[in-house]
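Shown next, in structure tokens, is the structure this report addresses.
There are 2 protein chains.
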Amino acid sequence: MVLEKLKQVPDPTYVHAGPLTDFVASLFTGAGMPEDEARLCAEVLVDADMNGIDTHGVCYNLDLHYLTGLLNGYINPAPNIKVTYETPGTAVIDADRGMGMIASVQAMELAIDKASKTGGMASVAVKNSSHYGAAGYYARQALSHDMIGFSMSSGGGRVIIPLNGRWPWMGTNPMAFAAPADKEPPFVIDMASSMTSYGKVSIAQAFGVDIPEGWAQDANGKPVTDISKRSEAIGQPPLGGDYDHGAHKGMGIAMMADVLGAVLPGETLSGMLLDNPKGGRFCHYFQATCIDGFRPAAEFKADMDDMLRTLREQESAPGAPDIQYPGHPDAIYFQKRTETGIPLPRHTVNYFKQMADQLNVEWTIDG
Amino acid sequence: MVLEKLKQVPDPTYVHAGPLTDFVASLFTGAGMPEDEARLCAEVLVDADMNGIDTHGVCYNLDLHYLTGLLNGYINPAPNIKVTYETPGTAVIDADRGMGMIASVQAMELAIDKASKTGGMASVAVKNSSHYGAAGYYARQALSHDMIGFSMSSGGGRVIIPLNGRWPWMGTNPMAFAAPADKEPPFVIDMASSMTSYGKVSIAQAFGVDIPEGWAQDANGKPVTDISKRSEAIGQPPLGGDYDHGAHKGMGIAMMADVLGAVLPGETLSGMLLDNPKGGRFCHYFQATCIDGFRPAAEFKADMDDMLRTLREQESAPGAPDIQYPGHPDAIYFQKRTETGIPLPRHTVNYFKQMADQLNVEWTIDG
Chain S
13 MVLEKLKQVP
23 DPTYVHAGPL
33 TDFVASLFTG
43 AGMPEDEARL
53 CAEVLVDADM
63 NGIDTHGVCY
73 NLDLHYLTGL
83 LNGYINPAPN
93 IKVTYETPGT
103 AVIDADRGMG
113 MIASVQAMEL
123 AIDKASKTGG
133 MASVAVKNSS
143 HYGAAGYYAR
153 QALSHDMIGF
163 SMSSGGGRVI
173 IPLNGRWPWM
183 GTNPMAFAAP
193 ADKEPPFVID
203 MASSMTSYGK
213 VSIAQAFGVD
223 IPEGWAQDAN
233 GKPVTDISKR
243 SEAIGQPPLG
253 GDYDHGAHKG
263 MGIAMMADVL
273 GAVLPGETLS
283 GMLLDNPKGG
293 RFCHYFQATC
303 IDGFRPAAEF
313 KADMDDMLRT
323 LREQESAPGA
333 PDIQYPGHPD
343 AIYFQKRTET
353 GIPLPRHTVN
363 YFKQMADQLN
373 VEWTIDG
Chain C
13 MVLEKLKQVP
23 DPTYVHAGPL
33 TDFVASLFTG
43 AGMPEDEARL
53 CAEVLVDADM
63 NGIDTHGVCY
73 NLDLHYLTGL
83 LNGYINPAPN
93 IKVTYETPGT
103 AVIDADRGMG
113 MIASVQAMEL
123 AIDKASKTGG
133 MASVAVKNSS
143 HYGAAGYYAR
153 QALSHDMIGF
163 SMSSGGGRVI
173 IPLNGRWPWM
183 GTNPMAFAAP
193 ADKEPPFVID
203 MASSMTSYGK
213 VSIAQAFGVD
223 IPEGWAQDAN
233 GKPVTDISKR
243 SEAIGQPPLG
253 GDYDHGAHKG
263 MGIAMMADVL
273 GAVLPGETLS
283 GMLLDNPKGG
293 RFCHYFQATC
303 IDGFRPAAEF
313 KADMDDMLRT
323 LREQESAPGA
333 PDIQYPGHPD
343 AIYFQKRTET
353 GIPLPRHTVN
363 YFKQMADQLN
373 VEWTIDG
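Here it is, written out as structure tokens:
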């Protein structure tokens, strides 16, 4: 169970969400962002950590995407975000190469507003953006409005190797879907279209943990499992791994993100894939559906409770842990980390100290 | 490559789409359906065969679902299909336990009509239905309207075993997504949320082909790969197979179908899972999105061509066949089978003869 191992941060420094958000926001303002937008980006990242999505929190992508992109000029610290086209149920937003979270939170709010006004559903596509963090954040924005939320993101580095292909071609293009329940935690999918996000390979490398077949592949099409040989990895097969195990399905989901996130708003292939230095270019898709367009939301949520609880109570396989539905572990993490704080690995604390020095930012977190 | 083997029908009888549709329609009218609706159902099934989706054509599910359901009274041969609730962008349809295709074609037409009128997007959920055939058919209905189509279906027999669970709990709940191109065949995903549809296991049994790990599992959680032991199989793990290989993702997709197809229109858990004799109870979800809500469809389709062709032209892995995108093999099958006819396996021809006798239907196909 490699995934379980990667959840055990070695030698952790625990920091609570509040001070961690303040500190990360100060790094972003130190890199040139306005106060409010810096805070929003920090909140989205820390929210991922609070939900146990360590790959998409503060520990890996500041170096890989955000701070590096802001400092090398690839991410625009003060974007002029514009709606470039809209109808009552759709819109296209140009993110002006800003931090992905800023246009994305706006885009999902716009989709929710449009869905609310039409009583049905609405969607917004965002082009010319950067990495938006955990896809699930935006799907979950719909929940408090008694709506179902959906999001996909396309682009970034080429990581996923198409079925039968030699070289990576798509990003790890995630899909997120969230639906509210009443007493049960909401149902939330947040999945890369590979077996695991490439961030998990980074965590495995940071922790020195070997990885399962299917998480990384070399230029000869052979699996990389010895994490000390990570540099030989050129990408990942799609979810499924090979044809007989459904790799055409993972590939299809990755391409669905390209269709909705990139081709729909007019982010063309050349823009997506050729213009892609460190920092990456990304684009996104957001969708909101009013539950009341089908039946009273209160009834829907009661039936969601019924379904989710009944599933959790099904018999486990011999020796297996309890059954959990997608979104349930997130809620448990949130509760636990509200008490303990978020466990930061050593390399993150070191990186934070280094960047605080470099950006003249006050060191406000313990540890 | 087991999937490749299952495409080679042993001892085939080739029948062209026209006469096959006529004959299958006559079986349905023989079982009590009105002429027009019988023909529509036959067309949807034969269309799956034409697109190479042999699991969802005429060869397996007449016995497993349709004719058996019509004859044992579980499927209503003359349903009174009603819209029970609607807004400008949403609707709920009660399929009155008719053949799934009838309410489904209507539902997707309604979603397309509503999306067209709002200029944005619309969705329709269908409850109280039966098996609807290949999900991709309905997603593809959107294409000629310059829309993106999406469909999921929930229910039927319990087949997918939740991650960590002992017994199957969900149906093989498929997801379909279709987007048009200009000169390239359209992009079409049509996937069960397990590694492979359970129908493929039926084909493997019919052809005597052993199956890969992950296609079937016994009550002790062990994989069934020896097809002669198929009777020991109680279900399938979700796409991914186990946690480290992403089974929580396949499980999430299966549950997304339950949320959209079942909970949204108010098909409750007890209705879905307890009331489930042979024939099954199913419910569905359909969604249409106007491409013109984002940018001119002609530009979108030209960029789809560019993306799809560029992907196809990427270098293959050493020894691997050409890269294909989802939907491309379907188009090749369609062209080939337009020339050769559809290869029916011996057991299907035998079943057709037996049912023609039983229903007093004229034998109008050669072979």
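As you go down the protein sequences, you meet chains S and C in turn.
Position one of the first sequence corresponds to residue 13 (the numbering used here), numbered consecutively onward.
Position one of the second sequence corresponds to residue 13 (the numbering used here), numbered consecutively onward.
Glycine residues also receive a C-beta, built at the ideal position from the N, C-alpha and C atoms.
Going by C-alpha distance, which of C/T102, C/N140 and C/G131 is nearest C/L122?
Per the Cα distances, C/T102.
Where S/M268 meets chain C, residues with beta-carbon distance less than 7 Å:
The contact set of S/M268 on chain C, defined by CB atoms closer than 7 Å, consists of F189 and I201 in chain order.
DSSP three-state assignment for C/G220, whether helix, strand or coil:
Residue state, collapsed to three classes: coil.
Do you know offhand how far S/Q366's Cα is from S/K195's?
Each residue's alpha carbon lies about 43 Å from the other.
Can you give me the start and stop residues for the beta strand (DSSP E) that S/P355 sits inside?
Segment I354 to L356, the beta strand (DSSP E) holding S/P355.
Near S/A218, what residues of its chain come up, given a Cβ to Cβ distance below 7 Å and the 5 sequence neighbours on each side ignored?
If we look at S/A218 and ignore the five residues flanking it on each side, its Cβ neighbours are P357 and H359.
Whole-angstrom C-beta distance between S/G167 and S/R293, which should lie under 8 Å:
The Cβ separation is near 6 Å, so the contact holds.
Let me check understanding here. Comparing Cα to Cα, which of S/V200, S/P235, S/A269 and S/S141 lies closest to C/I201?
C/I201 has its Cα closest to that of S/A269, out of S/V200, S/P235, S/A269 and S/S141.
Outcome for S/E279 when other beta-carbon atoms lying within 10 angstroms are tallied against a minimum of 16
S/E279 should be labelled buried.
Whole angstroms is fine: what's the gap from S/H28's alpha carbon to S/K17's?
Answer to the nearest angstrom: the Cα atoms are 23 Å apart.
Using beta carbons (cut-off 8 Å, strictly below), is S/L286 in contact with chain C?
Residue placement at S/L286 cannot be trusted, given a pLDDT of 47 that sits under 50; the coordinates are not used to answer.
Assign C/N288 to one of three DSSP states: helix, strand, or coil.
In this prediction, C/N288 scores a pLDDT of 48, lower than 50, which makes its location untrustworthy; the coordinate-derived value is nonetheless stated afterwards. Looking at C/N288 - three-state DSSP - the assignment turns out to be coil, as it is neither helix nor strand.
Spatially closest choice to C/Y345 from C/G211, C/Q20 and C/S38, by CA coordinates:
Out of C/G211, C/Q20 and C/S38, C/Q20 has the C-alpha closest to the C-alpha of C/Y345.
Alpha carbon of S/T352 to alpha carbon of C/S328, nearest angstrom:
About 49 Å.
Does DSSP put C/G283 in a helix, a strand or coil?
Unreliable placement is indicated for C/G283, whose pLDDT of 47 sits below 50; the coordinate value is still reported in the next sentence. Helix, per DSSP.
Should C/D256 be flagged as near chain S, meaning a C-beta pair shorter than 8 Å?
Yes, contact with chain S.
In chain order, what residues of the same chain lie with their CB nearer than 7 Å to the CB of S/A266, ignoring the 5 residues before and after it?
Only I172, M182, N185, S205 and P250 meet the Cβ criterion.
Partner residues on chain D for C/R307, Cβ-Cβ distance less than 8 Å:
In the displayed structure, chain D is absent; the protein chains listed are S and C.
Three CB pairs or more closer than 8 Å across the region 134 to 154 of chain S and the region 108 to 119 of chain S:
Contact between the region 134 to 154 of chain S and the region 108 to 119 of chain S is present, because at least three Cβ pairs lie under 8 Å.
Using beta-carbon positions only, say whether S/A60 and S/A50 come within less than 8 Å of one another.
No. Outside cutoff.
Beta carbon of S/K313, beta carbon of S/P192: below 8 Å?
Yes; because the gap between Cβ atoms is below 8 Å, this pair is in contact.
Can C/L155 and C/M263 be called in contact, C-beta distance under 8 Å?
No, they are not a contact pair.
If you compare alpha carbons, which of S/Q326, S/Q118, S/G177 and S/L39 is closest to S/L79?
Comparing Cα-Cα distances from S/L79 to each of S/Q326, S/Q118, S/G177 and S/L39, the minimum goes to S/L39.
Below 8 Å on the Cβ atoms is my guess for C/T33 versus C/E55; work out the distance and round it to an integer in Å.
Rounded, the Cβ-Cβ distance is 6 Å, consistent with contact.
Please check if any C-beta of chain S sits within less than 8 Å of the C-beta of C/R178.
Judged by the 8 Å Cβ criterion, C/R178 is in contact with chain S.
Check whether the Cβ atoms of S/V14 and S/V221 sit closer than 8 Å, and answer yes or no.
Contact annotation: S/V14 and S/V221 have beta-carbon atoms nearer than 8 Å.
Spatial neighbours of C/N57 in its chain, beta-carbon cut-off 7 Å, leaving aside the 5 residues before and after
It is Leu, not Asn, that sits at residue 57 of chain C in the sequence shown. Cβ within range, chain order: V36, G69, V70 and G145.
Can you give me the Cβ contacts of S/G247 inside the same chain, cut-off strictly under 8 Å, excluding the 5 residues immediately before and after it?
Closer than 8 Å at Cβ, skipping near neighbours: R170, V171, I172, I173, W179, P180, A228 and Q229.
My output table needs one value for S/A190: the three-state DSSP class, helix, strand or coil.
S/A190 falls in the strand class under three-state DSSP.
Secondary structure of C/N372, DSSP reduced to three states:
Residue state, collapsed to three classes: coil.
Distance cutoff 8 Å, beta carbons only. Does S/E327 sit that close to anything in chain C?
Closer than 8 Å: yes.
Please check if any C-beta of chain C sits within less than 8 Å of the C-beta of S/I344.
False, the Cβ-Cβ gap to chain C never drops below 8 Å.
If you reduce the DSSP assignment to three classes, tell me which class C/E327 lands in.
C/E327: coil per DSSP, three-state reduction.
Three-state secondary structure assigned by DSSP to C/C302:
In the structure shown, C/C302 falls within a strand segment according to DSSP collapsed to helix, strand and coil.
Counting only C-beta atoms, is C/A137 closer than 8 Å to chain S at any point?
Yes - at least one Cβ of chain S is within 8 Å of the one on C/A137.
My output table needs one value for C/S205: the three-state DSSP class, helix, strand or coil.
Three-state DSSP puts C/S205 in coil, outside helix and strand.
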